[in-house]
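Accompanying notes for the structure given below.
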Amino acid sequence: MSDIFVFGPFRLYPQARVLQREGVDVPLGSRAFDMLVAMVDRAGDVLSHRDLMSIAWPDLVVEDSNVRVQMANLRRKLGCGIAGVRYIASIAGRGYCFVAPLQCIPAERSATPVRRIGVPRPLPPPLERALGRGEQIIELSAMLTSRGFVSVVGPGGVGKTTLAVLVAHAMHQYANATCFVDLGTVEHGVMVLDLVIAAVGLHVTGSDRLEELLNFLSERRMLIVLDNCEHLIEAVAALVEQLVTHAPYTRLLITSREALRVHGESVYLLRPLGSPPHTGRLTARQALAWPAVQLFMERALEGGYHPPLSNEHAAVVAGICRRLDGNPLAIELVASRVGRYGIQGVADLLGNQLALRWRGRRDAAPRHRTVEAMLDWSCNLLPARDRLVLYRLSVFTGEFSLDAAVAVAADDLCTTAEAAESIGDLIDKSLVTVNTVGGRTRLRLLDTTRTYAAMRLAETTNLADTVTVEAPLMIATRPLLPLPRAAAVTVMATELPC
Numbered sequence: 001m002s003d004i005f006v007f008g009p010f011r012l013y014p015q016a017r018v019l020q021r022e023g024v025d026v027p028l029g030s031r032a033f034d035m036l037v038a039m040v041d042r043a044g045d046v047l048s049h050r051d052l053m054s055i056a057w058p059d060l061v062v063e064d065s066n067v068r069v070q071m072a073n074l075r076r077k078l079g080c081g082i083a084g085v086r087y088i089a090s091i092a093g094r095g096y097c098f099v100a101p102l103q104c105i106p107a108e109r110s111a112t113p114v115r116r117i118g119v120p121r122p123l124p125p126p127l128e129r130a131l132g133r134g135e136q137i138i139e140l141s142a143m144l145t146s147r148g149f150v151s152v153v154g155p156g157g158v159g160k161t162t163l164a165v166l167v168a169h170a171m172h173q174y175a176n177a178t179c180f181v182d183l184g185t186v187e188h189g190v191m192v193l194d195l196v197i198a199a200v201g202l203h204v205t206g207s208d209r210l211e212e213l214l215n216f217l218s219e220r221r222m223l224i225v226l227d228n229c230e231h232l233i234e235a236v237a238a239l240v241e242q243l244v245t246h247a248p249y250t251r252l253l254i255t256s257r258e259a260l261r262v263h264g265e266s267v268y269l270l271r272p273l274g275s276p277p278h279t280g281r282l283t284a285r286q287a288l289a290w291p292a293v294q295l296f297m298e299r300a301l302e303g304g305y306h307p308p309l310s311n312e313h314a315a316v317v318a319g320i321c322r323r324l325d326g327n328p329l330a331i332e333l334v335a336s337r338v339g340r341y342g343i344q345g346v347a348d349l350l351g352n353q354l355a356l357r358w359r360g361r362r363d364a365a366p367r368h369r370t371v372e373a374m375l376d377w378s379c380n381l382l383p384a385r386d387r388l389v390l391y392r393l394s395v396f397t398g399e400f401s402l403d404a405a406v407a408v409a410a411d412d413l414c415t416t417a418e419a420a421e422s423i424g425d426l427i428d429k430s431l432v433t434v435n436t437v438g439g440r441t442r443l444r445l446l447d448t449t450r451t452y453a454a455m456r457l458a459e460t461t462n463l464a465d466t467v468t469v470e471a472p473l474m475i476a477t478r479p480l481l482p483l484p485r486a487a488a489v490t491v492m493a494t495e496l497p498c
């Protein structure tokens, strides 16, 4: 629900998971909050203990007493019973019912009733140790100080949020004037303004919420972190443009898989963790000098693998980190299975679909629980044509030229110009990487992205036709649907301009 509900002195923001009393946040546990939202959404209906348990404890079996405890806490927070006020009624033998008069305000028209200045929402705690990010913290802090508006851009799982939180904590001059807005679970762009207003500690009085926010920030020195913006890019860009123009002392730190492309933006391309180059024999000590290998072994230890890294396995671990392109999330998910499969076993399974579905921490955001979920999040934001082009590029197992990519991606329904445009969009969205080697521009899919794209391509076709691409550093045969230009195509290196 993105609408806002008003009852008595309270405002309930289900999407933002905020309950306010006269403009002041009311702290509620997640279970109590879920129960309140369910009852408000079905005001006048009786929700049984079983209904509430399935809402607040999905997929868990709990005692009825848990519902009673949470309900007692919720009623206490709402002030039920004080001066005859009643919001939630107990229906003997049946359950609970929300009985107070209720007003529903569409999110785009909502405004809080009392203008007061609160405390900005605090930052999440930083990691105790951020491997390989010391230089980036210094660089990004300097950029933010001098330029004021910086977007940290990179593929999913590369550590954009982690770096942004570390930088925000390092900006001591904004220690009491920093707020963090996580947009990862927000579905509608209309909520962005409300969330920023709440995060900075402002409670508006009128209908023009944007004007009040700009007036509030116009003379204030603040640091605002907007995290996970890629799926709300248009709404975020529109708001940030206004903030850049009308709030000159406000520093803006954005994380996204693509740049906002608005006036005043400075883009910081976040690189993956450093991995050992493929230079022959490698000792364990040499390998552990690289942050990607350090992270791998730390997560392997946490996952039940206790032997120290041996010289025998040093090159194998280095190879795994290279194949994962130094992506911290991918490294963590893969390393967590070393205790079960062993280092060599994990390396053997790395190109398999199974590796895409290895699960990480249960408390992680849903899009970060598997590599597949991480890539689903990115691909679901793409237009259908861009997705198809990405899937087709999975025939390349190494670096390739733009001309080769266009030749494989284009067909009668996707012109050469459209294919080139889609490839450019995929680069902008951090799904295709660009390298310059000897003055020549080369493209590449990360290994995990290529495996994912090939899997999705296979799922969308029942054809037996194949495309074979042979060129330096690439030999692949994969099903392709629809096939460009012909039912079966063999493209040789000599036919693809480089």
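For the sequence shown, my numbering begins at 1 and goes up steadily by one. Even for Gly, the Cβ is constructed at its ideal location relative to N, Cα and C.
CA-to-CA distance, residue j to residue i, given in whole angstroms
| i | j | result |
| --- | --- | --- |
| ALA43 | THR449 | 46 Å |
| ALA347 | PHE296 | 12 Å |
| ALA16 | GLY345 | 43 Å |
| SER65 | ALA92 | 15 Å |
| PRO9 | GLN103 | 12 Å |
| LEU270 | ILE88 | 49 Å |
| ASP3 | PRO106 | 5 Å |
| TRP290 | ILE320 | 13 Å |
| VAL152 | ASP227 | 9 Å |
| GLY148 | ALA168 | 13 Å |
| LEU47 | GLY84 | 23 Å |
| VAL469 | VAL395 | With a pLDDT of 44 at VAL469, under the threshold of 50, the modelled position of this residue cannot be trusted, and the question is left open. |
| PHE98 | VAL40 | 6 Å |
| TYR305 | TYR341 | 10 Å |
Nearest candidate by alpha-carbon position, reference residue i, set the options
| i | options | result |
| --- | --- | --- |
| LEU78 | GLY360, LEU36 and GLY326 | LEU36 |
| SER146 | ASP325, SER266, THR178 and ALA168 | SER266 |
| ALA72 | PHE33, TYR249, TRP358 and ASN327 | PHE33 |
| ASP279 | ARG322, ARG361, VAL153 and LEU60 | Here the sequence assigns Thr to residue 279, which means Asp is not the residue at that position. The shortest C-alpha separation from THR279 is found at ARG322. |
| GLY201 | PRO14, LEU445 and GLN20 | GLN20 |
| ALA130 | GLN103, THR161 and ALA142 | THR161 |
| CYS80 | ALA100, MET455, VAL67 and ALA92 | ALA100 |
| THR178 | LEU333, LEU60, MET222 and VAL152 | MET222 |
| ASN499 | PRO124, HIS246 and ASN435 | Residue 499 lies beyond the range of the chain shown here (1 to 498); nothing can be said about it. |
| ARG251 | GLN173, ALA384 and ARG285 | GLN173 |
| VAL26 | SER310, ARG76, LEU195 and SER207 | ARG76 |
For residue i, three-class secondary structure by DSSP
| i | result |
| --- | --- |
| GLY95 | strand |
| SER30 | helix |
| TYR305 | coil |
| CYS321 | helix |
| ALA247 | coil |
| MET171 | coil |
| ALA300 | helix |
| VAL262 | coil |
| CYS379 | helix |
| TYR87 | coil |
| ASN582 | The requested residue 582 is not part of the displayed model; the chain covers only 1 to 498. |
| SER48 | coil |
| ARG367 | helix |
| THR178 | strand |
| LEU102 | coil |
| LEU140 | helix |
| PHE5 | strand |
| GLN344 | helix |
| LEU446 | coil |
| LEU269 | strand |
| GLN20 | strand |
| ARG362 | coil |
| VAL165 | helix |
| SER422 | helix |
| VAL37 | helix |
Burial state of residue i, where buried means 16 or more other Cβ atoms lie within 10 Å
| i | result |
| --- | --- |
| LEU127 | exposed |
| GLY326 | buried |
| LEU445 | buried |
| GLN70 | buried |
| HIS263 | exposed |
Sequence-distant residues of the same chain with beta carbon closer than 7 Å to residue i, five excluded per side
| i | result |
| --- | --- |
| ALA318 | SER275, PRO276, LEU282, ALA287 and VAL293 |
| ALA330 | GLY157, LEU324, VAL371 and THR448 |
| LEU381 | GLU230 and HIS231 |
| ILE197 | VAL204, ARG209 and LEU213 |
| MET374 | GLY156, GLY157, LEU329, ARG367 and HIS368 |
| ALA335 | PHE296, ARG299, ALA300 and GLY303 |
| VAL434 | ILE427, THR441 and LEU443 |
Close-in-space but distant-in-sequence residues of the same chain around residue i (CB under 6 Å, 5 per side omitted)
| i | result |
| --- | --- |
| GLY159 | PRO328 |
| GLY189 | LEU232 and ALA235 |
| GLY339 | GLY303, GLY304 and TYR305 |
8 Å Cβ shell around residue i - same chain, five flanking residues per side excluded
| i | result |
| --- | --- |
| ASP376 | ARG367 |
| VAL437 | GLU399 |
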